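A.B. asks: My questions will all concern the structure given below.
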Amino acid sequence: MACLFRGVVLGGLVPFAAGPLSPQNSKFLPKPMSHQESQEMKSNNCQGLPSRMPDNTAFQQQQLPAWRPSLTARAVLPGFFTTGVFFLSMGILLILSAKSVKEIEITYTDICSNCSKLRENASNFYKECTCSISFFIPEKMPGNVYMYYKLYNFYQNYRRYIISRNNRQLLGEDITNVENCAPFQRVSNDIPIAPCGAIANSMFNDTILLSYYPNSSTRINVPLLSSDITWWTDKHVKFQNPKSSNLASAFAGTVKPPYWRKPVYQLDQGNPENNGFLNSDFIVWMRVAALPTFKKLYRRIHRIQQFADGLPAGNYSLDISYNFPVTLFKGEKGVVLSTVMWSGGKNFFLGIAYTTTGAVTWLAAFSMTAVHLKLKKKKAFFQC
Amino acid sequence: MFCGEKKLLETERRVKANDREFNEKFQYANNRIHTSKYNVLTFLPINLFEQFQRVANAYFLFLLILQLIPEISSLSWFTTIVPLVLVLTITAVKDATDDFFRHKSDNQVNNRLSEVLINGRLQSEKWMNVKAGDIIKLENNQFVAADLLLLSSSEPHGLCYIETAELDGETNLKVRHALPVTSELGADISRLAKFDGVVACEPPNNKLDKFTGELSWKDNKYPLSNEKIILRGCVLRNTSWCFGMVIFAGPDTKLMQNSGRTKFKRTSIDRLMNTLVLWIFGFLVCMGIILAIGNSIWEHQVGDYFQAFLFRDEVVKNPIFSGFLTFWSYVIILNTVVPISLYVSVEVIRLGHSHFINWDRKMYYSKKETLAEARTTTLNEELGQIEYVFSDKTGTLTQNIMTFNKCSINGRTYGEIYDNLGRKIEINEKTKSVDFSFNPQADSRFRFYDHSLIESIKLGDPKVHEFFRLLALCHTVMPEEKNEGKLIYQVQSPDEGALVTAARNFGFVFKSRTPETITIEEMGKVVTYQLLAFLDFNNIRKRMSVIVQNPEGQIKLYCKGADTILFEKLHPSNEELMTLTSDHLSEFGGEGLRTLAIAYRDLNEEYFTEWFKLLEEASRGLDMRDERIAAAYEEIERDMMLLGATAIEDKLQDGVIETIASLSLANIKIWVLTGDKQETAMNIGYSCNMLTDDMNEVFVISGQTAADVWEEFKKAKEILFERSTGFTNGYAFCEKLQELKLGSTVEETVTGDYALIINGHSLGYALEANLQNEFLEIACICKTVICCRVTPLQKAQVVELVKMHRKAVTLAIGDGANDISMIKSAHIGVGISGQEGMQAVLASDYSFAQFRYLQRLLLVHGRWSYFRMCKFLCYFFYKNFAFTLVHFWFGFFCGFSAQTVYDQWFITLFNIVYTSLPVLAMGIFDQDVSEQNSLDYPNLYGPGQLNLLFNKRKFFICIAHGVYTSFALFFIPYGVFYNVAGEDGKHITDYQSFAVTIATSLVIVVSVQVRQLQRAQDKATPLKSHKRQPRRTSSRRSGYAFAHQEGYGELITSGKNMRVKNLPTSGLGKTMYNSTSWIENLCKKTTDTVNSFSLDRTVKL
């Protein structure tokens, strides 16, 4: 068998060349399996014993065991019905689950139109602009509640944008490696940008605070957690800060991206651990979205005190420090508060898709059964 | 003459013997041959140039260049360069190895030694150094180095024998003779060295049987014909030496001129694939344009406002230019619709199929230890599409063995065996054959199964004895006694050999002959007969006789010949026996045996002497000599007593009939193209059931001029379309022709079985432009087509004709050098291996030892290969469209920025790793029906011939399927990912997750799809068990299977072909003809008989 497979492996290489050969070229070629054959020939000449007859293996004689299903109605129809049942039940489960997800979305581009206007002009870069939005949650949002920011019409999947990053730099190995980061590699005086590239440069930098009004006079800041909002692998494998006694010195010799207000090592002044390349918001942003409309996890609601069971129904407000310009490109942004189920967020598509498939399968199964039963009566057709 | 134009301008060749300086003026080619393509320096550029002529390679090179431009490179360059370089390197290595072997074989041929007369001395010289005008010496069994003019030989009168098997496949020896003036030179080196004749002759051409020229020597001019020329590729036989002057050397020789140019063969699927690849490329350009326009619009509408975040280069700012760049980027991304791996996989699959052919034990011929061999690995699937098979006869359909099979002696048949109940027993390998051990002279290869015959001999039945005595006496065989009394017979006709060998085994051993005597050993007793007269065979007489006198003084005429002729010459008292024998003959004929009737006549001395005078007078006469001799022959060959008849089997190879039947059921048309003569070819046609007596009509075309041939075609057509009126006028005729071109409507109107038999001469006209359509039309309607006496080139022309005008896939199968051109020009060439000559095998694409393996090759391997390849291609295109078009849909959501959906490595490895094995396994192993079923139901072969499984329609279905799949693959994940979060609330709609999701579903979907490919479930009508059934009603075909037109009687009686030492000094009719005139006689006769033969249109003897 070893010899046999040698032949096959050899065969795997030769065909590259076999294509453009004309037949006469191959006339002097050793036959396929020439190795084996020449061996046999030799032994043939010496002893005259073994013949050149090919081996009687199932593989060589094309007698390998084969599955030859005969797809009769009897065998196929139960399969169809079972598949249909499975898809239908999956679909219904998914729809029910998506239905129970509570989700609220507040787009604030229009509401904060003055800030939007302000940001359209780049010269107002350092001007602060805050915006407060009140809203009402009619139903309690039980369990874990997550806060997302949502961007419309932001093409994070644009090719030149998506390639404009340097993963080696983000690993903290070589902070000055800005390859592929064009056009945000270096500032004019040749100092490398850290983190470099268009993705990092365009990081979402609004800050959003959520307040709860149990009654009209009391305002409680909803505790928000910025921890554990990233993929574990991102936080622990893909992103690393450069090794140094303190972060500021680690990033010495580099400069912040031009659209940033603060250098990367000062992103979260409240929590020194959450700085540098390991800043959760930064990591979340760097995981680029597949589609031009996307939401990204911003904060988790810390389930303490009143919020131990989730967000109670009532009045809330958002305080937004509006930094990220979107109206320039006719984009919008918003905040989404959502609970999750085992099936994820509020998305009916999958459930509907399953249900539809299940329904179609059943339809097919029924019509085939009908045809089958009809033909069964006229037995002539199926008797061969 | 200028050397560059020499080839174009050469209208006449002038060669002077022994004068290299003179000949050098003309710059004739020397004897070196070149079949290699490269040398060390030219290899790389030429090979690369050739490789990049392949559309695919050029395309990938172009892509690679695109990818190296950073502005548009949407995929890294390694996705293309790695496979491309791999493909190029391996091809180059393989080409180099091939060429190396070609160099080696060229060198081997070029370095063969031959003895050349240089400066008055014989010197060993390499073949390649031989030049036109040189005189070279050949020895027995040597290959002839160049086309020579025979000057002299060891045999008397400058005769020499050659075997031309390499050239035309005929195995019988041919005689060549030198001019009397040159044959006098003998082996006298000094005289040969002084020979300074000038030959003026035709320029190099490929006509093997024609030569016209003139030798001027010593102020005399001698005409030269083909009879004086020995061609390269022949082998000298039975002649210890001969001298010849080189006329054509190397590439100018008729052999090299005849070796048709090798063409690069590709399968129709290959060609279709190339077209489709071009279409796909067009499709790709369309998509690129759509996306590029989208990009321009997007950049204008959205992108322009996006500068802050979605940075764009300065150069790309202009939306139109950006669109232009995007176009190229998309060309790169979408190129995976035609990936390199398609070509690689196709080759892998074909190689796998080739291995299966090599490994097939059922195509292994154990007697000769010969494996079937796929010599070309690129043509397998075409084996499943064959519509026409062109077969050689000798050695391919037949074994080229004639066996004495049956006989009828004095009204009793021998040769059949019956069991106790009187039922006929089928003769097979196990049947006990007659034991000839009592006879020390017996030929051990001879087999006879009917024991009653040997008993009759032992009992001393005088008729039986007379029968075998006749067989031992009446023939033209030359005996040769090798060491220790072992007899070898030199035969001109294998039929005669079979008869004499039969007589030998039954105790009538032909021992030796002189011009006047024949010595045989009759049941152990040596008897010498005086040979009084030899009444030779020719095509009109269709019989030969000898008149011998036994030691007792009795004079007898022994005659054998075609029954129809012979029966007219019998004594009236034979009436009863004649009817009986006639029945037997019909029976033999029905079994496809070739029969001869046998008769004798007792002569008294006075009558004979009187007759002999008459004959001598006739032969001395100047005018009407032939007629008078013929009349004299007629005179004595009458009132004969019938002895019986012989039946000789031109042994078909095993399973030929079944194979042909099975292939016909698979709707494959089989044409027999043979160099053999018409009678023999037709006989074989009958014995392998290609011709039957049930046929409505057998057309025999043997016209001598174009007009004759046209006339015959017209007649044939009238018969074919006799119902359609008004066909005879030219206008309707043209209409019909156009119809033919439009479709096969004509064929459908014709019912009934017809056969067409055409000989080489007529074929020459039939192949000319004005007649070829008619020829093809008639030939394609006929169920069976047999072309006889065709030259190698004509074989190729016939194949080309069918290939060109019928758009059908053709296969040529043959065993000899004369089949090479046909093998090369057919789509698929098959060589019969395991025989002496290997040329056919070397030129072939497939080779095996027995014709019957063709059935398995086509119906099992070919069919499977075709099915697998078609499924594979359908699937592969489907898969890659499903894979690639996702990018197209994604384009609408990523600003047409040529962002790929998948990871780059996934794109690189998708076809090589992720989805390669299932599809390869399917392409290599899939069996839609078992091999037994595909053999039992030959009409399962049909889809291949009609090209149903992979054509443009199928392709579009696959593509549509692929587009649909890609749509689902993109939009279902899109719907799912739109606004979703993970179950832990984290954001999962990122690009990577999306890419992996689509990629995973893609791999699952396309892998599952492999199984979904439809399975052919044709229900075919079962093949009737086709045992060989003797057709008792069949007509009788009797005659000689002489491959020559005339017997060698004269040669024998004149003693010309006997060594001088054998020549006795005196005898009765010492020489019938004046010895010097004999050779001229022979020449004249040969040309006469050529004509008479061609005129002879009798079909059924």
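Going down the list, the protein sequences come from chains Z and G. So the first sequence is residues 1 to 384, counted in our numbering. So the second sequence is residues 10001 to 11101, counted in our numbering. By construction, the Cβ of each residue, glycine as well, lies at the ideal position given by its N, Cα and C atoms. On a predicted model such as this, the values are computed, not experimentally measured, just so you know.
Any C-beta of chain Z within less than 8 Å: which residues of the region 10973-11001 of chain G qualify?
C.D. replies: Cβ contacts with chain Z come from Tyr10974, Gly10975, Val10976, Phe10977, Tyr10978, Asn10979, Val10980, Ala10981, Gly10982, Glu10983, Asp10984, Gly10985, Lys10986, His10987, Ile10988, Thr10989, Asp10990, Tyr10991, Gln10992, Ser10993, Phe10994, Ala10995.
A.B. asks: Using a Cβ-Cβ distance under 9 Å, would His11190/G count as near chain Z?
C.D. replies: Outside the displayed range of chain G (10001 to 11101) lies residue 11190/G, so it cannot be described from this structure.
A.B. asks: I'd like to know if Glu10382/G contacts chain Z, where contact means its C-beta is closer than 9 Å to some C-beta of that chain.
C.D. replies: Chain Z contact via Cβ: absent.
A.B. asks: Could you tell me which uninterrupted beta strand (DSSP E) segments, each at least 3 residues in length, are contained entirely in the region 10417-10495 of chain G, listed from first to last along the chain?
C.D. replies: Complete beta strand (DSSP E) runs here, min 3: 10478-10481, 10487-10490.
A.B. asks: Given a threshold of 16 other Cβ atoms within 10 Å of its Cβ, counted over all protein chains shown, does Met10245/G qualify as buried or as exposed?
C.D. replies: Per the 10 Å Cβ criterion, buried.
A.B. asks: Taking 8 Å as the limit between beta carbons, can you name the residues of its chain near Phe10956/G, skipping five residues before and five after?
C.D. replies: Same-chain partners within the cutoff: there are none.
A.B. asks: Under 9 Å between the Cβ atoms of Asn10129/G and Asn10030/G?
C.D. replies: A contact, by the Cβ cut-off of 9 Å.
A.B. asks: With burial defined as no fewer than 16 other Cβ atoms inside 10 Å of the residue's Cβ, what is the status of Phe10100/G: buried or exposed?
C.D. replies: Phe10100/G comes out exposed.
A.B. asks: Could you check what DSSP says for Leu10756/G in three-state terms: helix, strand or coil?
C.D. replies: Strand at Leu10756/G.
A.B. asks: Just to make sure I have the definition right: I need the residues of chain Z whose C-beta is within less than 8 Å of the C-beta of Trp10359/G. Which are they?
C.D. replies: Residues of chain Z passing the Cβ test: Met33, Pro54, Asp55, Gln60, Gln61.
A.B. asks: List the residues of chain G that Ala353/Z touches, going by C-beta distances under 9 Å, in chain order.
C.D. replies: What Ala353/Z touches in chain G: Ile10972, Gly10975, Val10976.
A.B. asks: At what residue ranges does the region 10067-10140 of chain G contain a whole run of the beta strand (DSSP E), taking only runs of 3 or more?
C.D. replies: Segments of the beta strand (DSSP E) lying fully in the region 10067-10140 of chain G: 10113-10118, 10121-10126, 10135-10139.
A.B. asks: Given a cut-off of 9 Å on the beta-carbon distance, is the pair Ile301/Z and Leu210/Z in contact?
C.D. replies: Yes, these two residues count as a Cβ contact at 9 Å.
A.B. asks: Give, in chain order, every unbroken run of the beta strand (DSSP E) that is at least 3 residues long and sits entirely within the region 10932-11013 of chain G.
C.D. replies: For the region 10932-11013 of chain G, not a single whole beta strand (DSSP E) run of length 3 or above is found.
A.B. asks: DSSP three-state call for Gln10772/G: helix, strand or coil?
C.D. replies: Note: Gln10772/G maps to helix in three-state DSSP.
A.B. asks: Pick from Asp10147/G, Glu10155/G, Leu10278/G, Lys10194/G: whose alpha carbon is nearest that of Asn10205/G?
C.D. replies: Taking only the C-alpha atoms, the option nearest Asn10205/G is Asp10147/G.
A.B. asks: Is it buried or exposed, Leu10041/G, if we count other Cβ atoms within 10 angstroms and call 16 or more buried?
C.D. replies: Per the 10 Å Cβ criterion, exposed.
A.B. asks: For Gly10895/G, which residues in chain Z fall below 7 Å Cβ to Cβ?
C.D. replies: The contacting residues are Tyr155, Tyr158.
A.B. asks: Going by CA-CA distance only, name the one from Pro10440/G, Val10963/G, Ile10033/G, Leu10063/G that's closest to Ser10105/G.
C.D. replies: Cα-wise, what sits closest to Ser10105/G is Ile10033/G.
A.B. asks: Considering only residues of the same chain and omitting the five flanking positions on each side of Arg385/Z, which have a CB-CB separation below 6 Å?
C.D. replies: Lying before the first or after the last residue shown, residue 385/Z is absent from chain Z, which here runs from 1 to 384.
A.B. asks: Taking three-plus beta-carbon pairs below 8 Å as touching, is the region 10843-10861 of chain G in contact with the region 10814-10834 of chain G?
C.D. replies: In short, these stretches touch, since the Cβ pair count reaches three.
A.B. asks: When burial is assigned at 16 or more other CB atoms within 10 Å of the CB, is Gly10288/G buried or exposed?
C.D. replies: Burial call: buried.
A.B. asks: With a threshold of 16 other CB atoms inside 10 Å of the CB of Phe381/Z, please say whether the residue is buried or exposed.
C.D. replies: Here the model assigns Phe381/Z a pLDDT of 47, short of 50, so the residue's position is not dependable, and the following value carries that caveat. Flag for Phe381/Z reads exposed.
A.B. asks: What would DSSP say about Ser10183/G, mapped onto helix, strand or coil?
C.D. replies: Reduced to three states, the DSSP call for Ser10183/G is helix.
A.B. asks: How many whole angstroms separate the CB atoms of Arg287/Z and His10987/G, which I take to be in contact at a CB cut-off of 8 Å?
C.D. replies: Correct: roughly 7 Å between the Cβ atoms.
A.B. asks: If you count every other CB in all the chains shown that lies within 10 Å of the CB of Thr10791/G, and 16 or more means buried, which is it?
C.D. replies: Buried, since its Cβ has 16 or more Cβ neighbours within 10 Å.
A.B. asks: Is the region 177-185 of chain Z close to the region 333-346 of chain Z, with three or more CB pairs under 8 Å?
C.D. replies: No, they do not touch.
A.B. asks: Let me confirm a value: Leu373/Z is counted as buried when at least 16 other C-beta atoms fall within 10 Å, else exposed. Which label applies?
C.D. replies: It counts as exposed.
A.B. asks: Who pairs with Tyr149/Z in a beta bridge, going by DSSP?
C.D. replies: Answer is Lys296/Z, Val335/Z, bridged to Tyr149/Z.
A.B. asks: Taking the DSSP output, what are the residues bridged to Glu10697/G?
C.D. replies: Answer is Tyr10754/G.
A.B. asks: Listed in chain order, which residues of the region 10753-10770 of chain G have Cβ atoms closer than 9 Å to some Cβ of chain Z?
C.D. replies: Listed by position, the residues of the region 10753-10770 of chain G near chain Z (Cβ gap below 9 Å) amount to none.
A.B. asks: Could you tell me whether the Cβ atoms of Leu10236/G and Tyr10343/G are closer together than 9 Å?
C.D. replies: Going by C-beta atoms, Leu10236/G is not nearer than 9 Å to Tyr10343/G.
A.B. asks: Would you check if there are 3 or more beta carbon pairs closer than 8 Å linking the region 10886-10902 of chain G to the region 10864-10872 of chain G?
C.D. replies: The region 10886-10902 of chain G, when compared against the region 10864-10872 of chain G, does not touch it at the 8 Å Cβ threshold.
A.B. asks: If you follow the alpha helix (DSSP H) that Ile10657/G is part of, which residue opens it and which one closes it?
C.D. replies: 10656-10665 is the span of the alpha helix (DSSP H), which, as asked, contains Ile10657/G.
A.B. asks: Give me the Cα-Cα distance between Asn10550/G and Val10785/G, rounded to the nearest whole angstrom.
C.D. replies: Approximately 49 Å, taken between the alpha carbons.
A.B. asks: Around the C-beta of Cys46/Z, are 16 or more other C-beta atoms found within 10 angstroms, so that it is buried, or is it exposed?
C.D. replies: Its pLDDT being 39, under 50, Cys46/Z is placed unreliably in this model, and the value from its coordinates should be taken loosely. The residue in question, Cys46/Z, is exposed, as its Cβ has fewer than 16 Cβ neighbours within 10 Å.
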